[in-house]
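Here the structure is laid out as structure tokens; the discussion comes afterwards.
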Amino acid sequence: MKLKIVVASGKGGTGKTTIAVNLAMSIENAMLIDCDVEGPNSHIFFKEPMVKLKDVSIPAPVFDLDTCTLCGKCADFCQYNAISIIGEKLLFFEELCHGCGGCKIICPVDAITERDHHIGIIEKGGNEKLVLYHGLLNIGEPFGVPIIRKLKGFADDSKTTIFDSPPGTACPAVESIRDSDYCVLVTEPTPFGLHDLTLSVDVVREIGTPFGVVINRDGIGDDRVEKYCKEQNIPLLAKIPNDIKIARLYSKGIPIVEGIPEYKTLFADIYKRIKEVI
Ligand code: SF4
Ligand code: SF4
């Protein structure tokens with residue numbers, strides 16, 4: 001079975017997507033899954049438009065108020081506070097519902113049924129060498145994890161899969177990292193970069209996924225990230241220089257490894273190092 005490698009970062013704007021796309025393009029027989037369902041942008045590096053593949057829905061409860069006894073068990077159960085009993089009224093806040101289905105199971109009088117609540121779509125694109133999947137969460141929907149779970153199902157065991165994780169350390173990032181073989185944490189060599197990196201490291205250690213660090217825009221800050229990695233015994237997989245040519249390519253939607261082919265070795269080396277430690 002081929003590796004599943006997730007590229008993550010403690011905050012947005014670190015160049016995580018650039019690294020995920022270029023890493024995928026530097027590996028033979030790879031595929032790319034963009035799990036940043038609130039703002040996917042891996043597709044900007046491909047010429048062909050994305051094509052809709054499927055809708056994603058979650059089960060939302062429907063309450064039969066004639067049967068409901070206002071016992072409050074569903075409200076007590078719902079950890080997202082989507083249900084409240086106020087006086088003689090049951091209130092349902094659909095925007096808080098995560099579609100777990102628990103309230104339906106817990107209701108003692110079968111007053112709850114379910115309907116599909118559409119939360120987004122999955123699209124497919126890429127090119128003849130690299131297939132790309134991404135998800136789009138509907139505007140206003142609070143919870144993209146069900147789409148991420150569906151996206152992960154598109155990973156093909158015969159290919160190395162690169163996942164572009166949502167930024168941060170909340171549920172969507174955790175869901176993206178879970179079950180992967182390796183996590184590449186992308187950061188910048190600045191005090192803010194170091195702060196966000198330490199949060200990501202705590203989360204990835206908690207999940208138990210082996211991980212290493214890539215420093216992006218090397219040269220803009222100081223060496224505290226490198227010192228931290230050394231102290232913490234974290235592999236430093238690569239340093240991508242703060243190169244104006246890379247920024248120009250990004251602004252035109254051209255992958256680094258296409259615009260400056262010499263960088264292909266750097267990205268291929270990241271993959272080589274990951275394979276050595278797994
Ligand atoms: S389905 Fe889950 S999240 Fe939604 S209201 Fe019921 S218990 Fe709460
Ligand atoms: S658990 Fe069932 S009966 Fe009790 S308040 Fe909820 S819907 Fe009504």
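If you use our numbering, the sequence shown corresponds to residues 1 to 278, in order. Built from N, CA and C at the ideal position, the CB exists for glycine as well.
Any non-hydrogen atom of ligand 1 within 8 angstroms of residue i CB
{"i": "H98", "result": "yes"}
{"i": "P59", "result": "yes"}
{"i": "F92", "result": "yes"}
{"i": "I256", "result": "no"}
{"i": "Y80", "result": "yes"}
{"i": "C171", "result": "no"}
{"i": "F77", "result": "yes"}
{"i": "K73", "result": "no"}
{"i": "I83", "result": "yes"}
{"i": "K104", "result": "yes"}
Cβ-heavy atom distance, residue i to ligand 2, below 8 angstroms
{"i": "T113", "result": "no"}
{"i": "I270", "result": "no"}
{"i": "G87", "result": "no"}
{"i": "G101", "result": "no"}
{"i": "C35", "result": "no"}
{"i": "V109", "result": "yes"}
{"i": "L185", "result": "no"}
{"i": "L70", "result": "yes"}
{"i": "F143", "result": "no"}
{"i": "F45", "result": "no"}
{"i": "T67", "result": "yes"}
{"i": "F63", "result": "yes"}
C-beta contact flag for residue i and residue j at 9 angstroms
{"i": "S176", "j": "S9", "result": "no"}
{"i": "I240", "j": "G15", "result": "yes"}
{"i": "L32", "j": "L132", "result": "yes"}
{"i": "V257", "j": "Y250", "result": "no"}
{"i": "N22", "j": "K2", "result": "no"}
{"i": "G153", "j": "L137", "result": "no"}
{"i": "V186", "j": "V213", "result": "yes"}
{"i": "F46", "j": "G135", "result": "no"}
{"i": "R115", "j": "V62", "result": "yes"}
{"i": "V7", "j": "V184", "result": "yes"}
{"i": "I5", "j": "I220", "result": "no"}
{"i": "D222", "j": "P261", "result": "no"}
{"i": "T18", "j": "P255", "result": "yes"}
{"i": "C35", "j": "L151", "result": "yes"}
{"i": "A24", "j": "L130", "result": "yes"}
{"i": "Y292", "j": "S26", "result": "Outside the displayed range of the chain (1 to 278) lies residue 292, so it cannot be described from this structure."}
{"i": "L194", "j": "R224", "result": "yes"}
{"i": "Y228", "j": "T209", "result": "no"}
{"i": "I58", "j": "H98", "result": "yes"}
{"i": "V277", "j": "I234", "result": "no"}
{"i": "E123", "j": "H43", "result": "yes"}
{"i": "A238", "j": "F267", "result": "yes"}
{"i": "I215", "j": "L236", "result": "yes"}
Segment limits, beta strand (DSSP E) that includes residue i
{"i": "A30", "result": "A30 to D34"}
{"i": "T69", "result": "Here T69 belongs to no beta strand (DSSP E), and DSSP marks it neither H nor E."}
{"i": "K315", "result": "Limits of the chain in this structure are 1 at one end and 278 at the other, which puts residue 315 out of reach."}
{"i": "A60", "result": "V51 to F63"}
{"i": "K89", "result": "K89 to F92"}
{"i": "I85", "result": "I83 to I86"}
Extent of the continuous alpha helix (DSSP H) run through residue i
{"i": "A173", "result": "C171 to I177"}
{"i": "V257", "result": "I256 to G259"}
{"i": "T17", "result": "K16 to M25"}
{"i": "P146", "result": "V145 to K152"}
{"i": "C100", "result": "C100 -> no alpha helix (DSSP H), and no H or E assigned at all."}
{"i": "C229", "result": "R224 to E231"}
{"i": "E206", "result": "P191 to I207"}
{"i": "L236", "result": "Element bounds for L236: not the alpha helix (DSSP H) but the beta strand (DSSP E), L236 to P241."}
{"i": "K124", "result": "Here K124 belongs to no alpha helix (DSSP H); instead the beta strand (DSSP E) covers I112 to G126."}
*asked:* Tell me whether the stretch 62-70 and the stretch 144-151 touch, counting them as touching only if at least three CB pairs, one residue from each stretch, are closer than 8 angstroms.
replied: no
*Mind the definition here: the stretch 73-89 touches the stretch 99-110 only if three or more C-beta pairs lie below 8 angstroms; say whether that holds.*
yes
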